[in-house]
Every structure is written in C-alpha cells, then in structure tokens.
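Reviewing the structure listed below.
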Amino acid sequence: MNCVSVAKAAYLLGISRQRVQQLLYAQRIEGAFKEGRRWQIPLYNGKMPKIIPGKRGPKGTWRKRPQEATTYIHVNQQLIRDNLKKTEKEPVICIKQGSKVKYCHQVNILDGLCQIIYDPYNPKPCGATVWVEIDPTIMQVIASSNPLVTHAFG
C-alpha cells in the first residue's frame, strides 16, 4: 500500500497541512501511523487518503475523489521577449491546473527524470534559453515504444 506525507495528503485532499495534522491526532485518517517523527498516510485505491467522518459539527470540506483538472505546462514567449530588455528575468514557464496558474523557472517531472528549464543567463550553444532535459533511461523507454523517436535519434 502506498503511503504519503502530511503535505502530500493535504494537497490530495485540498485542505491545509494543519487540518491534516488535526485529523491525524483525532485518529480520523484511516490506517495512518507514525514512523519515527513522520506520519505515513495510506492511499486507498492508490488515489486518496480515507477520512473517517466526525460525529459533530458541519460536514468536512475535503475532496473525496482525486482532482480531475488536467495540468498544462506552457512557455510564455511574450515574457521571454520582455525579459530580453530587463536585468532581472521573470519566470516564463507557466503551469496551469484548472483555475490555478503558477509561473516558475524550472519544472521537475517524474522526480527529476525530466525537467523543463528556463535559464537566460546560461543559454545553450544554439542560443536556446528554454529546454527540456530527459534522463537517458526515459529516452530508452520512449524509443522502445515509439519507432519515430528511434529514427530521430538513431
């Protein structure tokens, strides 16, 4: 069974870490246990922690199902052009998930096996300031599943 930290459980449930801590101390997260100083919270069906309903007060506001919003990663070319004129560069990589929007300089995908990087101070020899870095093991998996990639890097 997969277990997650308090921060990850809070993200999945759509509530604060402090509220997850309160639920843990009230023993309202099913199967949660402490390992050393850290809580381990199991995911049921591999997706969400299971909350035991309270007996008093209003109903909980946490999510009962995983988020359905698709995440998009977008590179804002207008910001890249604007940054050419500025000394302090603004982030140009935009992560959109539902109505949430966040800008950043770097995105790690799959725990760092793939990264999208914006570095205007150290461009690549070709002049690129935004690029994708992929771990070689991922490229082998992609090449074995997609013959077009094999021809491109062949």
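Numbering (my numbering), first residue to last: 1019 to 1172.
Virtual Cβ for every residue (Gly too), placed ideally from N, Cα, C.
Here the structure is a predicted model, which is why all the values come from computation and not from measurement.
Could you give the C-beta distance for residue i and residue j, rounded to a whole number, given that I count them as a contact under 8 Å?
{"i": "Pro-1060", "j": "Pro-1067", "result": "7 Å"}
State the beta-bridge partners of residue i as determined by DSSP.
{"i": "Gln-1115", "result": "Thr-1089, Lys-1118"}
{"i": "Tyr-1018", "result": "Not covered by the structure: residue 1018. The range shown for the chain is 1019 to 1172."}
{"i": "Val-1125", "result": "Ile-1134"}
If you drop the 5 nearest sequence neighbours on each side, which residues of the same chain put their C-beta closer than 7 Å to that of residue i?
{"i": "Thr-1147", "result": "Ile-1098, Tyr-1136, Asp-1137, Pro-1138, Pro-1141"}
{"i": "Asn-1094", "result": "Val-1110, Cys-1112"}
{"i": "Val-1125", "result": "Ile-1091, Ile-1111, Ile-1113, Gln-1133, Ile-1134"}
I'd like the list of long-range same chain contacts for residue i, defined as Cβ closer than 6 Å, with 5 residues on each side in sequence excluded.
{"i": "His-1123", "result": "Pro-1109, Tyr-1136"}
{"i": "Glu-1151", "result": "Gln-1133"}
Is the separation between the beta-carbon of residue i and that of residue j shorter than 9 Å?
{"i": "Glu-1048", "j": "Ile-1069", "result": "yes"}
{"i": "Ile-1127", "j": "Lys-1120", "result": "no"}
{"i": "Gln-1085", "j": "Gln-1115", "result": "yes"}
{"i": "Arg-1081", "j": "Leu-1030", "result": "yes"}
Which same chain residues end up closer than 8 Å to residue i when comparing Cβ atoms and leaving out the 5 residues on each side of it in sequence?
{"i": "Ala-1025", "result": "Arg-1035"}
{"i": "Thr-1155", "result": "Leu-1131"}
{"i": "Ala-1050", "result": "Leu-1042, Trp-1057, Gln-1058, Ile-1059, Pro-1060, Pro-1067"}
{"i": "Asn-1020", "result": "Pro-1060, Leu-1061, Gly-1064"}
{"i": "Ala-1028", "result": "Ser-1034, Arg-1035, Arg-1037, Val-1038"}
{"i": "Trp-1149", "result": "Ile-1134, Ile-1135, Lys-1142"}
{"i": "Asn-1101", "result": "Lys-1107, Glu-1108, Val-1110, Pro-1138"}
(request) Could I get the ranges of all uninterrupted alpha helix (DSSP H) runs contained in the stretch 1023-1089, with 4 residues as the minimum, in chain order? (result) 1024-1031, 1035-1043
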